[in-house]
Each structure stands twice: as C-alpha cells, then as structure tokens.
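Those letters in the sequence shown? Residues 1 to 338, by UniProt numbering.
All residues carry an ideal CB built from backbone N, CA and C; glycine is no exception.
What you are looking at is a predicted structure, and each value in this text was computed from that prediction instead of being measured.
See below for the structure under consideration.
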Amino acid sequence: MERRALLAFGGIAALAPGTFTHLLPGAGPLALPKAVRQDDIEQVRTAADTLAGWDNLYGGGGITRSSAAGLFIWAKGLLTVPHSSRLEADLYTAVGRLSIVMGASAFDAYEHDDATHLLRFGTQCAERAGNWHLRASALNWQARHEIWIGNPDRGLTHAENGLVRSDRLSNREQAMLHNAAARAWAKMGNPKETLDAIGRSDDAYARARSGGDAAWMAYYDDAQHYGDTGHAAFDVALLPGQSPVMATDRLRTAIEGHTDAYVRSRALSGTKLATLTMATGDPQQAVVIAHRALDEVGRLRSKRAAADVKDLAKASARYARRPEVSQLRERIKTTVLS
1 MERRALLAFG GIAALAPGTF THLLPGAGPL ALPKAVRQDD IEQVRTAADT LAGWDNLYGG
61 GGITRSSAAG LFIWAKGLLT VPHSSRLEAD LYTAVGRLSI VMGASAFDAY EHDDATHLLR
121 FGTQCAERAG NWHLRASALN WQARHEIWIG NPDRGLTHAE NGLVRSDRLS NREQAMLHNA
181 AARAWAKMGN PKETLDAIGR SDDAYARARS GGDAAWMAYY DDAQHYGDTG HAAFDVALLP
241 GQSPVMATDR LRTAIEGHTD AYVRSRALSG TKLATLTMAT GDPQQAVVIA HRALDEVGRL
301 RSKRAAADVK DLAKASARYA RRPEVSQLRE RIKTTVLS
C-alpha cells in the first residue's frame, strides 16, 4: 500500500486544533512555545512514558486518569505551533503515542467514548507521521478495546488492518496483532481460527530479536506474549469440548514472568487463571490462585480488573457452600466490588 493511501485512512482533517477538546476539562490559556523544538517533543515522549508506567502499575483510574488531561491539552496544542519539516514526523509520533497511552488508560477506566476518540486520534497521528510501528500499536489497542466492549468483528478488522504491509513491522508487532486477532476469534466462538492466530503469533514472536523494536514495545516480553495468547486461549477453553491446558499453561507462565512494574497484567492473568481453574472443577486450587490475584487487584484503579473479578465470582457460585469459596466470595464483595 502506498503511503498516501495509508494516510487517507484516518481523515487527517480530524487533527484540526479544536478536535476532541470536549474530552477534556476547561483550562486557562496555554503556555505554548512560539516554535516547536526537539526538547518539546522529548517532553511529550517523557509524559507518555510516565503515564504508561502509571497505567501498568496503578490502573487507568486514579492519578493516571487525573493527570492526563493537562498533558494532552499542551501536547496537542503543539500541533498548531510552527515547526520545521524535519521535526514533523517526530512531533506527530510523540503526540500520537501520548494519545494512544491515554486511550488505553481511558479503556481501563471504562471511559469508552474517550478511549475510542483518543485511540483514533493516535492512529491518525501515526499515519500523518508515516510511522508504521506506532500505527500498529494504535490499531492493536483499537482492536482490544472493540473486543472488550462487545464488538469482536470490528476488533478483528482493526487487527487485520494493523497487519497490512506486515513486512514493515517488527516480529513483536506482528505477534501483538496476531494476538488481537486471536482474541477476536475467541470471543466469536471460533476455536480453530483462534488457535491458528495463536500459532501465527508464536511463530512471529519466535523470530523476534532484541534491538529491533520501537521503545514502546519494550513491554512485549515472554510474560506479555504468554499472557495475551493465554487470554485468547481462556475464551476457547470455556467452549464445550475444549481443553483448558493451553490457557492454564500460558496464564501461569505469564503470572510467573511479569515483574512488579506490570502489576495489572499479572493480576488480570491471575484472575483469569483462577476463574478457569474454578470453572474446570478445582475450587481448592482456584481459591489459592484467586487470593494472590486479589492482593494485587485491590491495589489497582482498574475497571477491567474489577470486571474480571466479577466473572470469577460468577464462576465460584456453584461452590459457594464450601467454606474456602465462601470466604473468597466475601472478600470479593467487601474489598474489590464494594
């Protein structure tokens, strides 16, 4: 696909200065520079990295959500400031990256309209910059968001759109997008297509080498790969006649591999593993897994994590008379869902 055709996807007119100001609280006059410098772009990059770190550590609500608006107002304002042509790609990449981070955070906080607009804006910035790597990240998040809110077919379209000209993407980026496709197929109840997509993701990830990715792909390590594929396999495992082994093994690997910088990811995989273990008939082991996950969910401001805990509560209902399960359900009620 020619670059000019790619850039036409997003409707670059949507980048006009007034776009999406309705998402943000009112503010006073912006202290924008008279011209954009490289230092300004570095500040936007630092803001995106900081917010991404907080989002992984604390969830999308709380301080993460509250801090984002002012940063975005200033960063987006830079697009209206004169800048040299040599800085344009870096500027749109930095602002787009910040918008994607904020969109992912809004998704986690269940601010779904904001998430949709911010992720689209991030995609448009990536296309304006001609940055295929950022575009892949944006479309991955658009896919995951649509799948979560009940639109897996639309999510699959985003994932496949992200894989256009996959030769321009790193192996990790390809694996990431195949994972998004796998999640979509799983939510649509298609085990064969899900497992095929997981296989393509595994193949791409096996080819990955250090040093070949954009900085924002540093999160995509073994734990992330096995967690993402494990979440897709989880939905397949709950279908009639399907084995839970792949999902169990991958989720366990993710839990063991995630560092403390990725508390939410570890908690999400832990809750899924507890739910699957409960659903497949081992409530005693499920309770052990669940309590560890709840220790971490309780530290987060993440509505996605809370939603997964609600699913765990539903899965545990048939064992509610067992003392250890009853205690677990009470803990869910009083410490997570209150």
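Among the residues of its own chain, which have a CB less than 7 Å from the CB of residue i, if the five just before and after it don't count?
i: Pro244; result: Ala237, Leu276, Thr280
i: Ser326; result: Ala320
i: Ala68; result: Leu51, Met102, Ser105
i: Arg318; result: none
i: Ile147; result: Gly155, Arg183, Ala184, Lys187
i: Arg207; result: Asn171
i: Arg322; result: Pro283
i: Leu119; result: Ile100, Gly103, Ala138, Trp141, Gln142, His145
i: Gly211; result: none
Could you tell me how far apart the beta carbons of residue i and residue j are, in whole angstroms, since I believe they sit closer than 8 Å?
i: Gln38; j: Leu98; result: Not quite, the Cβ-Cβ distance comes to about 16 Å (not below 8 Å), so this is no contact.
i: His217; j: Ser170; result: It is Met, not His, that sits at residue 217 in the sequence shown. Confirmed, about 7 Å.
i: Ser201; j: His231; result: Ser201 to His231, Cβ: 12 Å. No contact.
i: Thr271; j: Leu312; result: 6 Å
i: Ala94; j: Leu71; result: In fact, because the Cβ distance is near 11 Å, the residues do not count as touching under 8 Å.
i: Gly77; j: Arg301; result: Not confirmed; about 27 Å, so no contact.
i: Val263; j: Arg299; result: 7 Å
i: Ala115; j: His145; result: 6 Å
i: Gln242; j: Pro191; result: 6 Å
i: Tyr110; j: Lys333; result: That pair is no contact at about 20 Å.
So, using beta-carbon positions, are residue i and residue j closer together than 8 Å?
i: Leu41; j: Asp90; result: The amino acid at residue 41 is misidentified as Leu; the sequence shows Ile. Yes.
i: Glu193; j: Trp185; result: yes
i: Asp108; j: Gly59; result: yes
i: Ala126; j: Gly96; result: yes
i: Arg250; j: Ala223; result: no
i: Val101; j: Ala75; result: no
i: Met278; j: Ala315; result: yes
i: Gln284; j: Glu324; result: yes
i: Val297; j: Val287; result: no
i: Gly162; j: Ala197; result: no
i: Lys187; j: Asp235; result: yes
Taking residue i as the reference, give the member of the options with the closest Cα.
i: Ala267; options: Pro323, Leu51, Leu57, Ala104; result: Leu57
i: Leu273; options: Tyr226, Tyr262, Ser85; result: Tyr226
i: Asp167; options: Gln285, Ala215, Trp132; result: Trp132
i: Ala143; options: Ile255, Leu134, Ser137, Ala159; result: Ala159
i: Ala175; options: Lys333, Gly199, Gln124, Gly189; result: Gly199
i: Asp221; options: His231, Tyr205, Arg331; result: Tyr205
i: Ala138; options: Arg301, Leu300, Ala180; result: Ala180
i: Pro240; options: Ala247, Gly212, Gly189, Arg165; result: Gly189
i: Arg252; options: Thr157, Leu79, Leu32, Ala293; result: Ala293
i: Thr229; options: Arg209, Leu195, Ala261, Asp295; result: Leu195
i: Asp49; options: Pro33, Tyr219, Asn140; result: Tyr219
i: Ala129; options: Val164, Gly211, Ser85, Asn140; result: Ser85
i: Ala215; options: Asn140, Thr157, Phe121, Leu134; result: Leu134
Report all residues from its chain with a CB closer than 6 Å to the CB of residue i; omit the five preceding and five following residues, and keep chain order.
i: Asp55; result: Thr64, Ser105
i: Leu328; result: Val287, Ala290
i: Leu32; result: Gly77, Val81
i: Met246; result: Ala233
i: Arg209; result: none
CB-CB under 8 Å to residue i, same chain, minus the five flanking residues each way: which ones, in chain order?
i: His83; result: Ala35, Val36, Leu91
i: Ser265; result: Asn56, Ala223, Gln224, Gly227, Ala254, His258
i: Gly26; result: Any reading at Gly26 must be qualified, since the residue scores a pLDDT of 48, below 50, and its modelled position is unreliable; the value itself is stated next. No residues qualify anywhere along the chain.
i: Ala261; result: Gly53, Asn56, Leu57
i: Asp153; result: Ala184, Met188
i: Gly11; result: Note on Gly11: pLDDT 39, under 50, position unreliable in the model; the coordinate value appears next. Correct list, in chain order: Gln124.
i: Arg331; result: His291, Leu294
Output yes if chain C places a C-beta closer than 8 Å to the C-beta of residue i; else output no.
i: Leu163; result: Protein chain content of the structure displayed is limited to a single chain, and chain C is not contained in it.
For the ligand ZN, is there any heavy atom lying closer than 7 Å to the beta carbon of residue i?
i: His178; result: What this structure holds is no ligand at all, so the ligand ZN is not there to describe.
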